[in-house]
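Participant: Mind having a look at this structure? Questions to follow.
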Amino acid sequence: MEDAVLTLKKWIDESDNVVFFGGAGVSTESGIPDFRSVDGLYNQKWKYPPEEILSASFFERDPAEYYRFHREKLVIDGVKPNRAHLRLAELEKEGHLRAVITQNIDGLHQAAGSKNVLELHGSILRAYCSRCRRPYPAEVINHGEGVPRCSCGGVIRPDIVLYEEPLDQDVMSKALHYIRQAEVLIIGGTSLNVYPAAGLIRYYRGNKLALVNLSATPYDSFADLVIHQKIGELFSRI
Ligand code: APR
0 MEDAVLTLKK WIDESDNVVF FGGAGVSTES GIPDFRSVDG LYNQKWKYPP
50 EEILSASFFE RDPAEYYRFH REKLVIDGVK PNRAHLRLAE LEKEGHLRAV
100 ITQNIDGLHQ AAGSKNVLEL HGSILRAYCS RCRRPYPAEV INHGEGVPRC
150 SCGGVIRPDI VLYEEPLDQD VMSKALHYIR QAEVLIIGGT SLNVYPAAGL
200 IRYYRGNKLA LVNLSATPYD SFADLVIHQK IGELFSRI
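Mapping to numbering that gives the first Met the number 0: the sequence shown position 182 is 181, numbers consecutive.
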């Protein structure tokens, strides 16, 4: 195994305080495209730019078009956790990993068995009425046709953070706590382009920050270890 992978394995084996911070690149090996890679969601052709569709003002203006995009592009039936999700759940069980902090909305970390998962951008596996906030099962939004409506008449929406919306403060403060206290911070499968999520890693105070990403990120120079490899492959070896 290359030195960097050996070092990362050693850091993890010797720690009971590892925290993982991840993004869409963790789920690509499960068949879910990421956002900014060449074949990512934001580089795919759609009636409007996907980053515009995934905004609160667009959802308000044209929920029918939002839901066409949501069901076509965000909901991928039959996806399963990959080796990265599964190994992270094992590391939690073995007492090495304390929390998974994810920008992903696919629920695959929980499906892999991870218990302590902080979803900075929410989840498409939860839905609620945008008017009365009554909770609804996910199939109401992820399958079917047209704009799902609540008995109060409000539009039912996914429990995700759309552009222009704030992140959940409780989730953010928990994520901050784990990152501040972490002995080992592993960042994986994220371009670290989107704030405030990406800004959280500035609160890490240790000297064992590993960045596992296929492409370079603005934080590579900030990391103590950089591994440009497929994260599922890497996690199957540590
Ligand atoms: N292994 C390692 N890295 C990978 C893999 C893989 N198998 N597949 C993709 N990557 C890397 C890509 O090189 C890219 O740098 O993962 C990164 C994914 O970056 P983005 O597509 O920008 O996704 P992410 O960082 O999660 O985006 C953050 O942007 O639009 C918002 O809310 C959305 O949560 C998302 C946020």
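The C-beta atom is built at its ideal place from N, Cα and C for all residues, glycine as well.
Cα separation between Gly152 and Lys8?
Facilitator: What you label residue 152 is simply residue 153 of the sequence shown in a count that begins at 1. What you label residue 8 is simply residue 9 of the sequence shown in a count that begins at 1. Straight-line spacing of the CA atoms in Gly152 and Lys8 works out to 53 Å.
Participant: Assess, as a yes-or-no matter, whether the stretch 31-44 is touched by the stretch 112-122 under the definition of 3 or more beta carbon pairs within less than 8 Å.
Facilitator: no
Participant: Any idea what DSSP makes of Val78, helix, strand or coil?
Facilitator: By one-based count along the sequence shown, residue 78 stands at place 79. Val78: coil per DSSP, three-state reduction.
Participant: On the DSSP letters alone, give me the boundaries of the alpha helix (DSSP H) that Tyr162 sits inside.
Facilitator: In the sequence shown, the residue the question calls residue 162 occupies position 163. Segment: none, Tyr162 is in no alpha helix (DSSP H) and carries neither H nor E.
Participant: Whose CA, out of Ser214, Tyr218, Phe221, lies closest to the CA of Val37?
Facilitator: Position 38 of the sequence shown, counting from 1, holds the residue named residue 37. For Val37, the nearest C-alpha among the options comes from Ser214.
Participant: When the distance is taken between beta carbons, is Ser26 closer than 9 Å to Asn141?
Facilitator: Against the sequence shown, residue 141 aligns to sequence position 142. Against the sequence shown, residue 26 aligns to sequence position 27. The answer is no: Cβ separation not under 9 Å.
Participant: Please determine whether the Cβ atom of Lys72 lies at a distance below 8 Å from any heavy atom of the ligand ZN.
Facilitator: As for the ligand ZN, it is missing from this structure, which binds only the ligand APR.
Participant: Count the other CB atoms, across all protein chains shown, that sit within 10 Å of the CB of Gly22; report buried if there are 16 or more and exposed otherwise.
Facilitator: What you label residue 22 is simply residue 23 of the sequence shown in a count that begins at 1. Counting Cβ neighbours within 10 Å, Gly22 comes out buried, since at least 16 surround it.
Participant: Under a Cβ-count criterion, where at least 16 other Cβ atoms within 10 Å of its own Cβ denotes burial, should Asn81 be classed as buried or exposed?
Facilitator: Within the sequence shown, numbered from 1, the residue matching residue 81 stands at position 82. Buried, by the Cβ-count rule.
Participant: Buried or exposed for Tyr66, going by 16 or more other Cβ atoms inside 10 Å?
Facilitator: Here residue 66 is taken as the residue at index 67 of the sequence shown, counted from 1. Buried is the label assigned to Tyr66, since at least 16 other Cβ atoms lie within 10 Å of its Cβ.
Participant: What residues in its chain sit with their C-beta under 6 Å from that of Leu208, if we drop five residues either side in the sequence?
Facilitator: The residue you call residue 208 lines up with position 209 of the sequence shown. Within the same chain, Leu208 has close Cβ partners Leu184, Ala222, Asp223.
Participant: Throw me the rounded Cβ distance for the Trp45 and Phe68 pair, which I believe falls under 8 Å.
Facilitator: Taking the sequence shown and counting its residues from 1, one reaches residue 45 at position 46. Taking the sequence shown and counting its residues from 1, one reaches residue 68 at position 69. With a Cβ gap of about 6 Å, Trp45 and Phe68 count as contacting.
Participant: Which residues bound the beta strand (DSSP E) around Val211?
Facilitator: Within the sequence shown, numbered from 1, the residue matching residue 211 stands at position 212. 208-211 is the extent of the beta strand (DSSP E) around Val211.
Participant: Taking buried to mean at least 16 other C-beta atoms within 10 Å of its own C-beta, is Asn192 buried or exposed?
Facilitator: Here the question's residue 192 lines up with position 193 in the sequence shown. Label assigned to Asn192: exposed.
Participant: Going along the chain, which residues of its own chain have a beta-carbon closer than 6 Å to the beta-carbon of Ala196, five neighbours each way excluded?
Facilitator: Indexing the sequence shown from 1 puts residue 196 at position 197. The answer, listed in chain order, is Gln102, Leu119.
Participant: Output the boundary residues of the beta strand (DSSP E) element that contains Ala98.
Facilitator: In the sequence shown, counting from the first residue as 1, residue 98 sits at position 99. Looking at the DSSP string, the run of the beta strand (DSSP E) that includes Ala98 is 96-101.
Participant: Would Arg42 be called buried (16 or more neighbouring beta carbons within 10 Å of its own) or exposed?
Facilitator: Translated into positions along the sequence shown, residue 42 becomes position 43. Correcting the residue identity first, residue 42 is Asn in this sequence and not Arg. When all chains shown are included, Asn42 counts as exposed.
Participant: Taking DSSP as the reference, what is the three-state secondary structure of Tyr218?
Facilitator: Counting from 1 along the sequence shown, the entry for residue 218 is found at position 219. Coil.
Participant: Taking Ala110 as part of the alpha helix (DSSP H), name the residues at either end of that continuous run.
Facilitator: Locating residue 110 in the sequence shown gives position 111, where the first residue counts as 1. Boundaries of the alpha helix (DSSP H) harbouring Ala110: 107-111, taken from the DSSP string.
Participant: Does DSSP put Leu191 in a helix, in a strand, or in coil?
Facilitator: Mapped onto the sequence shown, residue 191 falls at position 192. The answer is coil: DSSP assigns Leu191 none of H, G, I, E or B.
Participant: Between which two residues does the beta strand (DSSP E) carrying Pro22 extend?
Facilitator: On the sequence shown, position 23 is the one that residue 22 refers to. What sits at residue 22 in the sequence shown is Gly, not Pro. It is not in any beta strand (DSSP E) - Gly22 carries neither H nor E in the DSSP assignment.
Participant: Residue ranges of each alpha helix (DSSP H) run of no fewer than 4 residues wholly in the stretch 4-69, ordered along the chain?
Facilitator: The DSSP assignment places 49-52, 55-60, 62-68 as complete runs of the alpha helix (DSSP H) inside the stretch 4-69, in order along the chain (cut-off: 4 residues).
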